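Numbering (the working numbering), first residue to last: -16 to 259. In what follows, a structure is listed as structure tokens, so that the remarks can point back to it.
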């Protein structure tokens, strides 16, 4: 049986046995450098980092030639794409944060901000590893949201000053904003490409080049976030959720949930109190 991969990993080395071999594809990777130097290549640009720098690597982006000096020491935090994306506290800030990290994978931290980041790294680890806690799942989700908002706070000024400097980045950001607004009712790529006055193929190419994920994958991601949020609200009936998400029938809605989440709507609600 395949070993279940952890959703939150905090380690001192990328050689740790808990780190999956394909972590760059499925995890947000955070590296805080304590000693020594390192570098990597992203989109033909070489980025270097040194003590008090934080490196944030977004899933699916092609990172090559990762090198560390012999005396390199760091703390690594890996959070799965699913856990991170399902706990985005604010879609608008999430878009800004994603674009900022993509354009600025290495950022220098003050000593205070470095300690703030490390404190949050280990809080995530502590909550995630507390498998006996009755509300572990809920606490982990909340702790991820707190971590994300702490990062937004640290990078706030730099994020606000970020200027969209190329057409593809601008299209991608506008696309995510449109998905945020319309994904509850519109899940076809063509709807968004028409809004942007480009072809579905070009939109998908822009998304893939900018983020490593296609336009369909982003629509699916945002739709899933909203779907989970609605299913967690026990005051809403399945019929009400189906209507809210513009499904033609409750049976079609149930099939969509089963395909997307791997369980029926009823099974999802039964598992709400299960541990992660």
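Cβ atoms here follow ideal geometry from the backbone N, Cα and C, with glycine treated the same way. Everything numeric in this text was worked out from a predicted model, so none of it was measured.
Looking at residue j and residue i, is the spacing between their C-beta atoms short of 8 Å?
| i | j | result |
| --- | --- | --- |
| residue 80 | residue 164 | no |
| residue -7 | residue 70 | no |
| residue -11 | residue -1 | no |
| residue 48 | residue 89 | no |
| residue 172 | residue 187 | yes |
| residue 56 | residue 21 | no |
| residue -9 | residue 115 | no |
| residue 175 | residue 199 | no |
| residue 16 | residue 3 | no |
| residue 162 | residue 205 | yes |
Among the options, which residue has its Cα nearest to the Cα of residue i?
| i | options | result |
| --- | --- | --- |
| residue 207 | 129, 67, 116 | 67 |
| residue 201 | 160, 241, 225, 182 | 160 |
| residue 61 | 36, 243, 9 | 9 |
| residue 169 | 29, 156, 203, 192 | 203 |
| residue 72 | 246, 0, 140, 124 | 124 |
| residue 212 | 53, 252, 34, 154 | 252 |
| residue 133 | 166, 110, 76 | 76 |
| residue 74 | 158, 113, 31 | 158 |
| residue 11 | 233, 38, 105 | 38 |
| residue 220 | 238, 16, 249 | 249 |
| residue 136 | 100, 57, 174 | 100 |
| residue 46 | 24, 238, 241 | 24 |
| residue 7 | 155, -4, 64 | 64 |
| residue 86 | 153, 105, 33 | 153 |
| residue 245 | 4, 115, 210, 78 | 210 |
| residue 5 | 44, 84, 162 | 44 |
| residue 226 | 167, 105, 78 | 167 |
| residue 140 | -4, 247, 83 | 83 |
Taking only beta-carbon atoms, is residue i less than 8 Å away from chain B?
| i | result |
| --- | --- |
| residue -10 | No chain B is present in this structure, which holds just one protein chain. |
What would DSSP say about residue i, mapped onto helix, strand or coil?
| i | result |
| --- | --- |
| residue 7 | helix |
| residue 264 | Because the chain here runs from -16 to 259, residue 264 falls outside it and cannot be looked at. |
| residue 241 | helix |
| residue 75 | helix |
| residue 185 | helix |
| residue 137 | helix |
| residue 31 | strand |
When burial is assigned at 16 or more other CB atoms within 10 Å of the CB, is residue i buried or exposed?
| i | result |
| --- | --- |
| residue 42 | buried |
| residue 29 | exposed |
| residue 130 | buried |
| residue 103 | buried |
| residue 180 | exposed |
| residue 214 | buried |
| residue 13 | buried |
| residue 107 | buried |
| residue 58 | buried |
Just to check, is the beta-carbon of residue i closer than 7 Å to a non-hydrogen atom of the ligand ATP?
| i | result |
| --- | --- |
| residue 8 | This structure simply doesn't include the ligand ATP, nor any ligand for that matter. |
Checklist entry - Are there three or more Cβ pairs, one per stretch, closer than 8 Å when the segment 225 to 235 is compared with the segment 82 to 100? => result no
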